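Note that the sequence shown covers residues 626 to 878 in the working numbering. C-beta: ideal position from N, C-alpha, C; glycine also. Given the structure is predicted, the values throughout are model-derived calculations rather than measurements. Here the structure is laid out as structure tokens; the discussion comes afterwards.
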Amino acid sequence: MMKNSFFSLSELWDFVLEKRYNRKEIFRGFVDVLKKHGLNKSSLILDAGCGSGFMSLDLAENGFRVVATDKSYEMIRQVKINAQKKKIGIQAEQVSWSDLSKKFDPIFDFVYCRGNSLIYAASWEQNWIVPDRNLEEIKKSVKSFYNILRPGGWCYIDSNIKPYSEKLGVLKTRKGDVEVSWKAEVDSSQNLRTWTIMLKYVSSQETQEFVSYSAYLSNEEICEILHKTGFKKVEKNIPVHGEKYCDVFIAQK
Ligand SMILES: C[S@@+](CC[C@H](N)C(=O)[O-])C[C@H]1O[C@@H](n2cnc3c(N)ncnc32)[C@H](O)[C@@H]1O
């Protein structure tokens, strides 16, 4: 029995992100994108797949009107814990992407789905995937993003399907020092990407592994889905200062 076990994926995501990104830098980069697309602090923004609140909490803290949504109970719990710690008021709702259009009218000026989330539409927090079903959910999700945008509103999506292997080093956590590394592998014949996070608890040398599966979706396929959904303008290779990992797409309704 592991003495130090376990972290949930939401806790793990929360502390790994802080190591991976310069939070202030990417926040500034993201706000630049908002401004370039005509948004300001009175615009209504929806975070689709807010996770532990990376970006949505920063937006709320800086006076933007943002609604944070995620299908994961654990992630919504985590965003609320983080909001409370930082004394930030935020509306955070547990809702799946494909259900967003049942819950919201077309009121949003900007909907974003960041952090390489879209490819996990029907596989996040699962140790299994059915690729066809996942692809179906990706398409339904993008349609739902479209439906909750007002005419002329913008949808931001990012993606990274490149294989990699990276040591993140030793991170300080509430369970002591933990050595973290992760890798992404692809099997293009199955349209499958496998992402593995490996933890080693320094004091006990015990290990923990998280394996997640997602779609292996090319940038061309993402653009095609956006076009087929009805977006009239699709921009790719959007530069976002501080975004070191993902390719960014922006589409206009
Ligand atoms: C890789 S994390 C990224 C989180 C956050 N956007 C960030 O940048 O840190 C993916 C997130 O997408 C959420 N997610 C995946 N599929 C979803 C779906 N179908 N509906 C709503 N949220 C979903 C997961 O629960 C998870 O919080």
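Query: Arg758 burial status per 10 Å Cβ neighbour count (16 or more: buried); Result: exposed
Query: Glu868, buried or exposed, once every other Cβ within 10 Å from all chains shown has been counted against 16; Result: buried
Query: Closer than 7 angstroms: Lys705 CB and nearest ligand 1 heavy atom; Result: no
Query: Spatial neighbours of Lys711 in its chain, beta-carbon cut-off 8 angstroms, leaving aside the 5 residues before and after; Result: Leu682 and Glu686
Query: Range of the contiguous beta strand (DSSP E) that encloses Ile651; Result: Per DSSP, Ile651 belongs to no beta strand (DSSP E); it is in the alpha helix (DSSP H), Arg648 to Lys661.
Query: Check: Met823 C-beta below 7 angstroms from any heavy atom of ligand 1; Result: no
Query: Short CB-CB distance (under 8 angstroms) between Gly778 and chain D; Result: Of the chains in the structure shown, none is chain D; there is only one protein chain.
Query: The segment 650-664 touching the segment 725-742, judged by at least three CB pairs closer than 8 angstroms; Result: yes
Query: Local Cβ density within 10 Å of Asp802, reported as buried at 16 or more and exposed below that; Result: exposed
Query: Exposure label - Val692; buried when at least 16 CB within 10 Å; Result: buried
Query: Beta-carbon proximity check, Asp872 vs Asn816, cutoff 8 angstroms; Result: no
Query: Which of helix, strand or coil DSSP assigns to Trp753; Result: coil
Query: Chain-order list of residues whose beta-carbon lies under 6 angstroms from that of Ile884 (same chain, five-residue window excluded); Result: As displayed, the chain neither begins before 626 nor continues past 878, which places residue 884 out of reach and without an answer.
Query: 8 angstroms Cβ shell around Ile732 - same chain, five flanking residues per side excluded; Result: Leu669, Ile773 and Arg775
Query: Continuous alpha helix (DSSP H) assignments of at least 4 residues falling wholly in the segment 658-729; Result: 681-686, 698-711 and 725-728
Query: Beta-carbon proximity list for Ile754, same chain, < 6 angstroms, skipping 5 on both sides; Result: Ser748 and Tyr838
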